[in-house]
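*Asks:* Take this structure first; my questions come after.
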Amino acid sequence: MKRFLTYIILSVSIPCLYAQNVYIRGYVVDRQNNGIESINVAIKGTEQGTTTNTNGYYQISVNLTGKDTLIYFGLGYRDTIKTLPLHIDKSININVILDRDTTVLTTVGISAVSDNKGNMNEIDTKVLHLTPDAAGGIESLVKMQIGVSSTNELSSQYSVRGGSFDENSVYVNGTEIYRPLLIHSSQQEGLSFVNPDLVGRVNFSAGGFSAKYGDKMSSVLDIEYKKPQKFEGNVSVGFMGTSAYVGYNKGRLTMSHGIRYKSNQYLFSDKFKLKNGEPLLKGLDTKGDFNNSFIDYQTFINYTLSKKWSISFLGNISDNRYNFAPKSRRVQFGTATMQREFNVGFRGNERDKFSTYFGAITLKTNPINSVELKLTASAFNTSESENYDLIGIYSLSDVHTESDGQRQTELIGSGTFHEHARNRLSATVVNLAHTGEAKLWNTNVEWGLSAGKEIISDKIHEYERRDSSQYSLPHDGQEVRMIYNLTAKNTTNSLRLQAFVQQAYRLSVLNTHSTINVGVRANYWDFNREWLISPRININIAPRRNRNLLFRAAAGIYYQSLFYKEIRHSNTDSLGNTHLYLNKDIRAQRSAHILAGIDYYFKLWHRPFKFTTELYYKPADRIIPYSVDNVRIRYVGENQAVAYTAGVDFKLFGEFVPGVDSWISFSYMKSREDIVRIGNDMSGDHYPIYTNDNTYLTEVYPSYIPRPNEQRYRISLFFQDYIPNNPEYKINLKLVWADGLPFGP
92 MKRFLTYIIL SVSIPCLYAQ NVYIRGYVVD RQNNGIESIN VAIKGTEQGT
142 TTNTNGYYQI SVNLTGKDTL IYFGLGYRDT IKTLPLHIDK SININVILDR
192 DTTVLTTVGI SAVSDNKGNM NEIDTKVLHL TPDAAGGIES LVKMQIGVSS
242 TNELSSQYSV RGGSFDENSV YVNGTEIYRP LLIHSSQQEG LSFVNPDLVG
292 RVNFSAGGFS AKYGDKMSSV LDIEYKKPQK FEGNVSVGFM GTSAYVGYNK
342 GRLTMSHGIR YKSNQYLFSD KFKLKNGEPL LKGLDTKGDF NNSFIDYQTF
392 INYTLSKKWS ISFLGNISDN RYNFAPKSRR VQFGTATMQR EFNVGFRGNE
442 RDKFSTYFGA ITLKTNPINS VELKLTASAF NTSESENYDL IGIYSLSDVH
492 TESDGQRQTE LIGSGTFHEH ARNRLSATVV NLAHTGEAKL WNTNVEWGLS
542 AGKEIISDKI HEYERRDSSQ YSLPHDGQEV RMIYNLTAKN TTNSLRLQAF
592 VQQAYRLSVL NTHSTINVGV RANYWDFNRE WLISPRININ IAPRRNRNLL
642 FRAAAGIYYQ SLFYKEIRHS NTDSLGNTHL YLNKDIRAQR SAHILAGIDY
692 YFKLWHRPFK FTTELYYKPA DRIIPYSVDN VRIRYVGENQ AVAYTAGVDF
742 KLFGEFVPGV DSWISFSYMK SREDIVRIGN DMSGDHYPIY TNDNTYLTEV
792 YPSYIPRPNE QRYRISLFFQ DYIPNNPEYK INLKLVWADG LPFGP
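According to the numbering used here, the sequence shown is numbered sequentially starting from 92.
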């Protein structure tokens, strides 16, 4: 009888020993150590499970019975199974690497529908270090996307569908990034904020993006820095600069550090010459001595405080110095029958300095597995100075080519000029933001609140004196005047409030798998006491009968939230002196985005391909016209125009060569604006026409004219290949052919 009771007790107690409640947590990442969102994690054969968050993190509390297996599965990825140990002491960390499933084409289509990012496209960063670029940043890949154009390879700035450089927002780890304000040339620009060595994931949208992203009219670039899974590092050395990176992982603590140095003096300076005396590289029309340096240090540190709490810090220090002593400039222009040559000899130099500091600290918690809350405090500071005194002696000549090939020049005119600047600007932006995300069944809800303080001060003093044919211009016979004289002394201390809420639904109706993202964004700036309300919607539809097709549509109201550059308005007195003051009556530029697109997934040569087509129309009002000088944008400082942009983009993406991605794209657009108001003159832009005897004839109203960044067509190609027997040796080709920029009086 005792043996029987003992057997019964053991039979009951042994399963109880195995039925222990434990916590399983970890990260699910891809081969590039990027966290994968929405991966299902479950105990095989049970209903116990969870999904990963935006960083690929998961945590689950389960009852183990012995010989349990954990399965990881998600659309677009191969299933992975992990066998759990028999004995677990309260908790265990399990990190998993998932491989993409590229064998079933329909899986790709479903994966696209499940994406709730709101018309965002992920950019493959694997090719980033394989594509040499003069600017040396992630923007080299962005410039190859549909709808994006750039006319300066040395600059990280770009235009999207006819918009200005300032209409593109950039986020790193959810925090908006600011740029220096006084830079006027690509040679001054230095390094992009984004350090390619630290980049984990890149998403880009050329329009129709969701409400979580800020108030810019053209595009958004969303970048997440990676968390190293182990100790790693690299060093890069080249003629244009050096970079070093180190990543570290020790359980709760991960950190990344990157430092970059860049100098483009090898491209432009006359110090470096060949044996025959010719410059090493013939880069610019203006020759001289360049002595510039751009240094940037960044760090990204994460620390897990507990099961539900973590803290991270993103920091950046940048110091850019630009010193240039021009010597000469030679420009040839004209036609086959009339050739001209413009020559300038210089004295003087330019010395500029741009120092920026940025820091963001984020506290994150997951009170329950389906909810993520963040609190971020960030600060940005820039101190900029621009100084130059340049004297030039110029001549304009006719060029004649004789029958024997000899060139003869005939002087047309000559003169001198003196350019002077002493510009100072300092800006500080402090921001406190809360964001959150909740996953509820087939829907995701995201929200955010932020308050920011902006303190900006500038002192501008620029002038140009020009002498032609022994007359100072402009010449009135009475006094010596400057052809250009600009002064400003302004300070702002303003408060900006922002909020958004958006919800994404997954639906299966009418034989389709659909995703709908609906949201609204609000913005208030106390400088001009203006509220901005921006509703937005994105819809993705994939037919069940043909999951290789994905239909996309987006619409919304998008504002260009005002910053310091847009509000400066000029006033010129009777003597030709121009003063800049801050216009408090100005309003934010406004645009509507209406987009429709199709993604078609197919196989060619037994390899995956994707063809994308997107149509868009963007009417806009309250436009602030601007002019572009190299990379500096000068706004008129008041709402004067209405505008529209319409176009179509095509892109073919796939494995033209097995195992590596290439693509080709074509864009066509039309971007026009009509100046309907100048100050109190509501008749808009107009000018008189006179006859040869100076008799007034009529008044011309030009109506819609091309916008400054309109490029009607653009073809871009990115092609990769490798040595068949040694795929580690790769080559790539980038090609861009585009229409020219508009010009006029």
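Where is the CB? At the ideal position from N, CA and C, for every residue including glycine.
For clarity, every value in this text was computed on a predicted model and none was experimentally measured.
At which residues does the beta strand (DSSP E) containing LYS580 begin and terminate?
*Replies:* Working through the sequence shown from its first residue, we reach residue 580 at position 489. 575-600 is the extent of the beta strand (DSSP E) around LYS580.
*Asks:* Would you report the Cα separation of TYR795 and ALA683, rounded to the nearest angstrom?
*Replies:* As a first step, residue 795 must be located in the sequence shown, where it is residue number 704. As a first step, residue 683 must be located in the sequence shown, where it is residue number 592. Looking at the two C-alpha atoms, the distance is approximately 18 Å.
*Asks:* So is TYR820 buried or exposed if we call it buried at 16+ other beta carbons inside 10 Å?
*Replies:* As a position in the sequence shown, residue 820 is number 729, starting the count at 1. Looking at its Cβ environment, which holds fewer than 16 other Cβ atoms inside 10 Å, TYR820 is exposed.
*Asks:* Less than 8 Å between the C-beta atoms of TYR735 and PRO710, yes or no?
*Replies:* Numbered from its first residue, the sequence shown carries residue 735 at position 644. Numbered from its first residue, the sequence shown carries residue 710 at position 619. For TYR735 and PRO710, yes; Cβs fall inside 8 Å.
*Asks:* Can you tell me whether GLY842 is buried or exposed? The criterion is at least 16 other CB atoms within 10 Å of its CB, across all chains shown.
*Replies:* Nothing in the structure corresponds to residue 842, since the chain is present only between 92 and 836.
*Asks:* Among all the DSSP beta bridges, which residues are the ones paired with MET760?
*Replies:* As a first step, residue 760 is located in the sequence shown; it is residue number 669 there, counting from the start. The partner list for MET760 (beta bridge, DSSP) reads GLY738.
*Asks:* Could you name the residues of the same chain whose beta carbon sits closer than 7 Å to that of ASN816, not counting the 5 residues immediately before and after it, in chain order?
*Replies:* Position 725 of the sequence shown, counted from the first residue, corresponds to residue 816. No residues qualify anywhere along the chain.
*Asks:* Pair every Cβ in the stretch 697-716 with every Cβ in the stretch 786-795, then say whether three or more of these pairs are closer than 8 Å.
*Replies:* No contact exists between the stretch 697-716 and the stretch 786-795.
*Asks:* Are LEU610 and SER301 close, meaning C-beta to C-beta below 8 Å?
*Replies:* For the purposes of this step, residue 610 is identified with residue 519 of the sequence shown, where counting begins at 1. For the purposes of this step, residue 301 is identified with residue 210 of the sequence shown, where counting begins at 1. For clarity, residue 610 is Gly in the given sequence; the question names Leu instead. For GLY610 and SER301, yes; Cβs fall inside 8 Å.
*Asks:* Whose CA, out of LEU502, THR447, PRO417, lies closest to the CA of GLN430?
*Replies:* As a working mapping, residue 430 is identified with position 339 in the sequence shown. Out of LEU502, THR447, PRO417, LEU502 has the C-alpha closest to the C-alpha of GLN430.
*Asks:* Please report the straight-line C-alpha distance between LEU155 and ARG191, rounded to a whole angstrom.
*Replies:* Along the sequence shown, one-based indexing puts residue 155 at 64. Along the sequence shown, one-based indexing puts residue 191 at 100. Computed Cα separation, rounded: 29 Å.
*Asks:* What residues in its chain sit with their C-beta under 6 Å from that of ILE624, if we drop five residues either side in the sequence?
*Replies:* Here the question's residue 624 lines up with position 533 in the sequence shown. Same-chain partners within the cutoff: ALA613.
*Asks:* For GLY117, is the classification buried or exposed, using 16 other Cβ atoms within 10 angstroms of its Cβ as the cut-off for buried?
*Replies:* Looking up residue 117 in the sequence shown gives position 26. Buried: at least 16 other Cβ atoms inside 10 Å.
*Asks:* Can you find the residues in the same chain that come closer than 6 Å, C-beta to C-beta, to ARG653, ignoring five residues on each side of it along the sequence?
*Replies:* The residue you call residue 653 lines up with position 562 of the sequence shown. Residue 653 is actually Leu in this sequence, not Arg. Correct list, in chain order: ALA679.
*Asks:* Identify the residues that DSSP records as bridge partners of ARG805: which are they?
*Replies:* Counting from one through the sequence shown, the residue named residue 805 turns up at place 714. In the DSSP output, where bridge partners are listed per residue, ARG805 has SER758, ALA829.
*Asks:* Answer with buried or exposed for GLY200, where buried requires no fewer than 16 other C-beta atoms within 10 angstroms of its C-beta.
*Replies:* Here residue 200 refers to the residue found at position 109 of the sequence shown. Below a pLDDT of 50, predicted positions are generally treated as unreliable, and GLY200, at 35, falls in that range; the measurement from the model is reported next regardless. GLY200 should be labelled buried.
*Asks:* Just grab the DSSP bridge partners of ILE546 for me.
*Replies:* Here residue 546 refers to the residue found at position 455 of the sequence shown. Bridge partners of ILE546: THR519, ASN584.
*Asks:* Is the stretch 693-704 close to the stretch 293-307, with three or more CB pairs under 8 Å?
*Replies:* Counting Cβ pairs under 8 Å, fewer than three are found: no touch.
*Asks:* Let me check understanding here. Comparing Cα to Cα, which of VAL290, PRO287, LEU312, LYS217 lies closest to PHE256?
*Replies:* For the purposes of this step, residue 256 is identified with residue 165 of the sequence shown, where counting begins at 1. Among VAL290, PRO287, LEU312, LYS217, the Cα nearest to that of PHE256 belongs to LEU312.
*Asks:* Which runs of the beta strand (DSSP E), 3 residues or longer, sit entirely within the stretch 137-186?
*Replies:* If we require 3 residues or more, the beta strand (DSSP E) runs fully inside the stretch 137-186 come out as 140-142, 148-155, 160-165, 168-174, 182-184.
*Asks:* Do ARG442 and ASN472 have their beta-carbon atoms positioned less than 8 Å apart in this structure?
*Replies:* Numbered from 1 along the sequence shown, position 381 holds the residue referred to as residue 472. Numbered from 1 along the sequence shown, position 351 holds the residue referred to as residue 442. Result no, Cβ atoms of ASN472 and ARG442 do not sit closer than 8 Å.
*Asks:* Under the three-state reduction of DSSP, which class applies to LYS656: helix, strand or coil?
*Replies:* Counting from 1 along the sequence shown, the entry for residue 656 is found at position 565. DSSP places LYS656 in helix when its eight states are reduced to three.
*Asks:* Going by the DSSP bridge assignment, what does GLN680 pair with across the sheet?
*Replies:* If you number the sequence shown from 1, residue 680 lands on position 589. Answer is GLN651.
*Asks:* For GLY228, which option in ARG169, GLU258, LEU289, SER474 has the closest C-alpha, if you only look at C-alpha atoms?
*Replies:* Against the sequence shown, residue 228 aligns to sequence position 137. Closest option to GLY228, Cα to Cα, is LEU289.
*Asks:* From PRO549 to ILE127, what does the alpha carbon distance come to, in whole angstroms?
*Replies:* Start at 1 with the first residue of the sequence shown, and residue 549 comes out as number 458. Start at 1 with the first residue of the sequence shown, and residue 127 comes out as number 36. The residue asked about is misnamed: residue 549 is Asp in this sequence, not Pro. For ASP549 and ILE127, the distance between alpha carbons rounds to 45 Å.
*Asks:* Give the secondary structure of GLU493 by DSSP, where H, G and I count as helix, E and B as strand, and everything else as coil.
*Replies:* Here the question's residue 493 lines up with position 402 in the sequence shown. Coil, per DSSP.
*Asks:* For the beta strand (DSSP E) containing SER296, name the first residue and the last one.
*Replies:* Stepping through the sequence shown from its first residue, residue 296 is reached at position 205. SER296 -> beta strand (DSSP E) spans 290-296.
*Asks:* In angstroms with no decimal places, state the Cα-to-Cα distance between PRO458 and THR145.
*Replies:* Stepping through the sequence shown from its first residue, residue 458 is reached at position 367. Stepping through the sequence shown from its first residue, residue 145 is reached at position 54. Whole-angstrom Cα-Cα distance: 15 Å.
*Asks:* Between the C-alpha atoms of LEU808 and SER476, what's the straight-line distance to the nearest angstrom?
*Replies:* As a working mapping, residue 808 is identified with position 717 in the sequence shown. As a working mapping, residue 476 is identified with position 385 in the sequence shown. For LEU808 and SER476, the distance between alpha carbons rounds to 39 Å.
*Asks:* Can you pull the DSSP bridge partners for ALA68?
*Replies:* The question about residue 68 has no answer, for the chain in this structure spans 92 to 836.
*Asks:* Hey, how far is the Cα of THR519 from the Cα of ILE408?
*Replies:* Within the sequence shown, numbered from 1, the residue matching residue 519 stands at position 428. Within the sequence shown, numbered from 1, the residue matching residue 408 stands at position 317. Cα to Cα, THR519 sits roughly 14 Å from ILE408.
*Asks:* Hey, could you find the ends of the beta strand (DSSP E) GLU128 is sitting in?
*Replies:* On the sequence shown, position 37 is the one that residue 128 refers to. GLU128 -> no beta strand (DSSP E), and no H or E assigned at all.
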